[in-house]
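Numbering (my numbering), first residue to last: 206 to 506. For reference, the structure discussed in these notes is given below.
What follows is the structure, given as structure tokens:
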């Protein structure tokens with residue numbers, strides 16, 4: 206079993222605790238409310254750190270979900286990614302998945318006032334620039350309130366380079382004490398992204414009116430484009446509810462809850478999958494600019 210140093214933040218009333226692991230990609234490995242774990246542990250922290258098997262609430266950086274090939278060209282650079290599981294995640298099909306491996310990114314974190322954690326990633330390391338050649342800095346601030354966690358991530362193009370922004374988060378949320386057959390998922394009005402057989406966007410859109418869907422009758426691995434600057438996704442069961450509110454800086458989302466899974470993922474994304482290759486929905490920062498993105502998880506009962 207691997208051993209990791211962790212850093213915690215607690216709500217002022219001590220009912221809610223979030224735990225982060227700087228040496229494992231700054232993953233939030235635990236979020237407890239009233240002593241109950243609200244994040245699915247799946248195969249656990251060791252498997253995430255060593256093999257990229259996602260769990261908890263990981264940051265997918267510098268790209269969210271998958272790329273369509275091991276090479277991309279954007280912002281004046283052409284990059285060929287290695288087939289190296291120590292540095293780049295790959296899914297079973299061989300496509301790069303979920304960004305760089307946790308150990309590749311060396312976060313520095315500190316507690317700030319008990320209810321907050323602040324972390325920084327200096328993306329000027331030559332090892333990182335070989336895989337994503339856009340020198341910049343990233344900061345992450347997590348603030349814990351009663352039954353809530355807010356995460357704000359800021360990308361700063363402060364090293365003289367243009368920087369494409371295509372990251373996301375993957376919160377594996379649990380409705381404790383309720384079976385999947387009792388769950389409902391509520392979507393906001395948005396646009397659905399049509400995906401090909403590799404789960405990559407084709408460029409087509411379909412309108413989504415929003416509303417509730419029973420997970421007893423449905424599974425999700427679907428991508429969406431927001432129609433406003435904010436949006437809320439909800440999972441609920443009798444006397445239980447979780448919501449993910451996208452507050453700023455996220456124009457896209459993925460919803461993931463495969464058949465039989467005892468979790469629902471509402472994934473905030475700054476750009477759709479494969480944006481580093483397609484350019485679709487991709488913001489490129491000019492030197493001196495920054496991109497701030499924030500979302501909030503709230504738990505009821």
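Quick reminder that beta carbons are idealized off the backbone N, C-alpha and C, glycines included.
Give the straight-line distance between the Cα atoms of residue i and residue j, rounded to the nearest whole angstrom.
{"i": "residue 423", "j": "residue 389", "result": "10 Å"}
{"i": "residue 487", "j": "residue 279", "result": "10 Å"}
{"i": "residue 334", "j": "residue 342", "result": "12 Å"}
{"i": "residue 435", "j": "residue 473", "result": "11 Å"}
{"i": "residue 419", "j": "residue 273", "result": "31 Å"}
{"i": "residue 416", "j": "residue 384", "result": "21 Å"}
{"i": "residue 396", "j": "residue 480", "result": "17 Å"}
{"i": "residue 408", "j": "residue 470", "result": "23 Å"}
{"i": "residue 371", "j": "residue 496", "result": "11 Å"}
{"i": "residue 414", "j": "residue 322", "result": "37 Å"}
{"i": "residue 293", "j": "residue 426", "result": "22 Å"}
{"i": "residue 452", "j": "residue 393", "result": "13 Å"}
{"i": "residue 291", "j": "residue 459", "result": "26 Å"}
{"i": "residue 332", "j": "residue 387", "result": "46 Å"}
{"i": "residue 296", "j": "residue 404", "result": "12 Å"}
{"i": "residue 437", "j": "residue 251", "result": "31 Å"}
{"i": "residue 226", "j": "residue 313", "result": "10 Å"}
{"i": "residue 271", "j": "residue 243", "result": "26 Å"}
Considering Cα atoms alone, identify which of the options is closest to residue i.
{"i": "residue 285", "options": "303, 255, 336, 351", "result": "336"}
{"i": "residue 318", "options": "233, 295, 214", "result": "214"}
{"i": "residue 347", "options": "235, 469, 493, 460", "result": "235"}
{"i": "residue 228", "options": "315, 218, 245, 209", "result": "209"}
{"i": "residue 457", "options": "414, 287, 433", "result": "433"}
{"i": "residue 475", "options": "431, 449, 501", "result": "431"}
{"i": "residue 366", "options": "494, 455, 291", "result": "494"}
{"i": "residue 362", "options": "492, 501, 441, 222", "result": "492"}
{"i": "residue 468", "options": "255, 261, 305", "result": "261"}
{"i": "residue 439", "options": "455, 378, 464", "result": "378"}
In terms of DSSP beta bridges, what is residue i paired with?
{"i": "residue 471", "result": "460"}
{"i": "residue 234", "result": "Partner(s): none; residue 234 has no beta bridge."}
{"i": "residue 412", "result": "396"}
{"i": "residue 282", "result": "279"}
{"i": "residue 368", "result": "490"}
{"i": "residue 445", "result": "442"}
{"i": "residue 357", "result": "346, 499"}
Please confirm whether residue i and residue j have their CB atoms less than 9 Å apart.
{"i": "residue 447", "j": "residue 428", "result": "no"}
{"i": "residue 211", "j": "residue 238", "result": "no"}
{"i": "residue 253", "j": "residue 263", "result": "yes"}
{"i": "residue 353", "j": "residue 504", "result": "yes"}
{"i": "residue 301", "j": "residue 275", "result": "yes"}
{"i": "residue 338", "j": "residue 230", "result": "no"}
{"i": "residue 311", "j": "residue 327", "result": "yes"}
{"i": "residue 265", "j": "residue 373", "result": "yes"}
{"i": "residue 506", "j": "residue 444", "result": "yes"}
{"i": "residue 324", "j": "residue 345", "result": "yes"}
{"i": "residue 358", "j": "residue 241", "result": "no"}
On the CB-based measure, 16 or more other CB atoms within 10 Å of its CB, does residue i come out buried or exposed?
{"i": "residue 224", "result": "buried"}
{"i": "residue 303", "result": "buried"}
{"i": "residue 309", "result": "buried"}
{"i": "residue 288", "result": "exposed"}
{"i": "residue 483", "result": "buried"}
{"i": "residue 217", "result": "exposed"}
{"i": "residue 499", "result": "buried"}
{"i": "residue 411", "result": "exposed"}
Nearer than 8 Å: is that true of the beta carbon of residue i relative to any heavy atom of the ligand FMN?
{"i": "residue 310", "result": "Looking for the ligand FMN in the displayed structure turns up nothing, as the structure carries no ligands at all."}
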